[in-house]
Amino acid sequence: MTGLDVLTTAEMYRADALAIAHGTPGITLMENAGRACARVIADNYERVPVSVLCGPGNNGGDGFVIARLLQRQGWSVRLGLLGEPARLKGDAAGMASRWTGPVEALSPDLLAGAGLIVDALFGAGLDRPIAGAAADMIEAVNGAGVPVIAIDVPSGVEGSTGRVLGPAIAATRSITFFRKKPAHLLAPSKFLCGHVDSCDIGIPAEVLAEIGARCWENGPALWRPVFPFPADEGHKYARGHAIVVSGPLANGGAARLGARAALRVGAGLVTVACPPDAVVAHASQLNAVMTAPFTDFADILADRRRNAVLVGPGNGVGETTRASALKALRAGRSCVVDADAITSFRDTPAELFGAIAAPCVLTPHDGEFARLFPDITGGCKLDRARAAAARAGAVVLFKGPDTVIAAPDGRAVINANGPPTLATAGSGDVLAGLIVGLLAQSMPAFEAACAGAWLHGRAAALFGPGLIAEDLSETLPAVLRELALL
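Note that the sequence shown covers residues 0 to 485 in numbering that gives the first Met the number 0.
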């Protein structure tokens with residue numbers, strides 16, 4: 000669809016099969032894969048002695064191609080094989096027959112003098128922990144202190160889920176084919192992949208329509224067509240009015256962070272709705288953002304122009320927050336339910352889900368997810384987010400270093416552009432504010448959540464070290480300028 004498609008191992012096998020059915024032999028795909036890997040290696044690394052470690056399957060077949068092509072270019076190559084050459088089958092056996100150098104038994108001795116290691120032991124289809132000689136080899140590779148290039152995914156990683164199945168290669172770089180796998184983007188495996196290159200090996204993009212994949216890596220190509228850039232004929236009242244609910248006086252900073260983000264991302268008007276005793280504190284620190292006191296949140300919602308609501312940041316956990324969320328949801332407002340509002344429904348999640356009557360985004364981190372969906376455990380983060388979205392009837396933005404955004408219809412996006420500097424107080428409040436600001440402008444909920452997550456990560460990356468939450472909104476104009484030029 001966009002080049003951002005993410006394929007499970009089964010879907011990638013299907014892509015290979017469809018490419019073969021369309022006339023590209025499997026051995027040609029393997030040759031193309033090895034050629035792409037050799038090109039990446041030659042383009043990015045000095046010519047040093049290289050050890051190529053091959054497994055007994057197609058991943059090992061790729062390794063034989065890489066070894067042959069690097070040797071042809073003048074690299075000093077040692078090749079080790081897990082198992083006997085005579086037991087190789089299919090295309091892997093064909094590629095082994097084209098290798099003219101020695102085939103050594105897999106052993107840590109292979110790494111002596113190596114300046115680069117190619118991990119072609121096991122591919123993305125691995126479904127059990129590695130043991131024995133292969134496990135010893137992985138330990139030696141990880142201790143070698145030289146760059147490691149993983150073919151497809153690091154050995155020891157399950158490609159479809161990101162699970163690390165016992166001993167696993169910690170790669171400097173991973174080279175995959177056609178499209179990324181979930182393991183390249185999901186924790187914990189993403190931390191083992193290093194830099195990821197996705198290479199064309201001759202699979203036509205048209206096969207994606209037959210596969211019907213429903214997962215993508217987040218990026219503007221997915222949602223920019225519906226992003227609410229200001230129209231020439233527009234005015235502030237046409238750009239929506241976001242309400243950010245504030246809690247007690249002492250906790251008001253979170254609401255202000257969210258409100259400022261909503262305004263920065265383009266909402267025409269933004270109001271912090273707060274208890275009466277918090278008005279002065281908010282008003283003294285806000286200018287373009289308005290304040291509105293309430294004792295009954297229904298009074299705030301009486302104005303239908305207030306079309307999007309963020310409830311949760313700094314609101315406090317309890318009945319008052321729960322009541323505000325229910326009133327906003329039942330009034331048919333677009334809503335972001337975040338932080339304390341999520342925890343306020345830990346004992347009655349069905350009540351929250353049952354009240355959703357309009358576009359809604361839930362933004363839990365791991366702990367909050369467990370409070371709303373205590374029985375959705377195990378499996379990978381993608382599966383859990385999808386199950387939660389289907390149950391809630393809302394978009395679920397499952398936060399973390401591998402944030403997953405899932406829609407009730409099964410679409411899912413993995414956001415991979417957030418740097419570790421986002422792990423700072425108030426960062427999540429800004430994210431929630433970005434999303435509600437986009438909802439106020441009538442951006443669809445799934446796309447608004449995806450855009451908010453990407454803008455959040457890009458602003459943090461652009462600002463760099465020393466980031467605090469306040470910096471995100473101030474950096475956003477530069478990100479929006481970039482987005483407008485895409």
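Yeah, the Cβ is synthetic: ideal placement off N, Cα and C, and Gly gets one too. These numbers were taken from a predicted model, which means no experiment stands behind them.
Beta-carbon contacts of residue i that lie in its chain and below 8 angstroms, excluding the five residues immediately before and after
i    : result
A91  : M29, P55, G56, N57, G59, G60 and F63
A9   : S159
F296 : V244, A272, A322, S323, K326 and A327
Y236 : G267, L268 and R304
D15  : G25, L28 and I202
G331 : A356 and A357
L3   : W215, E216, N217, G218, A220 and L221
H455 : G417, L421, S426, V429, L430, L433 and L471
D118 : L52, V140, V147, I148, A149, I150, P153, S154, I168 and A170
Boundaries (first-last residue) of the alpha helix (DSSP H) holding residue i
i    : result
N57  : N57 to R71
H281 : V278 to A282
R259 : G251 to R263
H455 : A444 to F462
G93  : G89 to S96
A369 : D365 to L371
L396 : That residue, L396, is in no alpha helix (DSSP H); its beta strand (DSSP E) goes V394 to F397.
Three-state secondary structure assigned by DSSP to residue i
i    : result
E45  : coil
F190 : helix
V117 : strand
R213 : coil
P292 : strand
L482 : helix
R304 : coil
H183 : helix
M0   : Below a pLDDT of 50, predicted positions are generally treated as unreliable, and M0, at 47, falls in that range; no measurement from the model is reported.
V486 : Any question about residue 486 goes unanswered here, given that the chain covers just 0 to 485.
C36  : helix
A477 : helix
R162 : coil
D337 : coil
I174 : strand
L466 : coil
V195 : strand
A330 : coil
A169 : coil
G225 : Note that residue 225 corresponds to Val in the displayed sequence, not to Gly. Reduced to three states, the DSSP call for V225 is helix.
Beta-carbon proximity of residue i to residue j, cut-off 9 angstroms
i    : j    : result
I168 : N141 : yes
L80  : E103 : yes
A307 : H240 : yes
K179 : E209 : no
I341 : E367 : yes
L105 : L52  : yes
A411 : C214 : yes
V435 : V335 : yes
A182 : A132 : no
P146 : Y12  : no
G155 : I137 : yes
R383 : G409 : no
A405 : A387 : yes
Q440 : A266 : yes
T347 : K398 : no
S75  : V39  : no
Cβ shell of residue i (< 6 angstroms), same chain only, five flanking positions each side left out
i    : result
M0   : With a pLDDT of 47 at M0, under the threshold of 50, the modelled position of this residue cannot be trusted; read the value that follows with caution. Here the set comprises nothing.
V47  : G114 and L115
V269 : A241, A258, A261, L262 and V288
A253 : P312, G313 and D428
D276 : L248
P24  : none
T474 : A458, L461 and F462
G246 : G313, N314 and G315
A301 : none
E469 : none
D339 : G311, N314, G315, V316 and T320
Own chain partners of residue i with C-beta closer than 7 angstroms, once the 5 adjacent residues on each side are dropped
i    : result
L17  : V206 and E209
L68  : G33, R34 and A37
R370 : I341, T342 and R345
P464 : T420
I299 : I242, A272, A291, F293 and R305
L485 : P219 and R223
Residue i Cβ short of 8 angstroms to the ligand GTP heavy atom set
i    : result
A357 : Although the ligand GTP was asked about, the structure shown includes no ligands whatsoever.
Endpoints, beta strand (DSSP E) assigned at residue i
i    : result
A149 : V147 to I150
E103 : V102 to A104
A272 : L268 to C273
I129 : Element bounds for I129: n/a, residue is neither H nor E.
L78  : V76 to L80
A241 : H240 to V244
Sequence ranges, alpha helix (DSSP H) only - wholly within the region 399-440, length at least 4: 426-439
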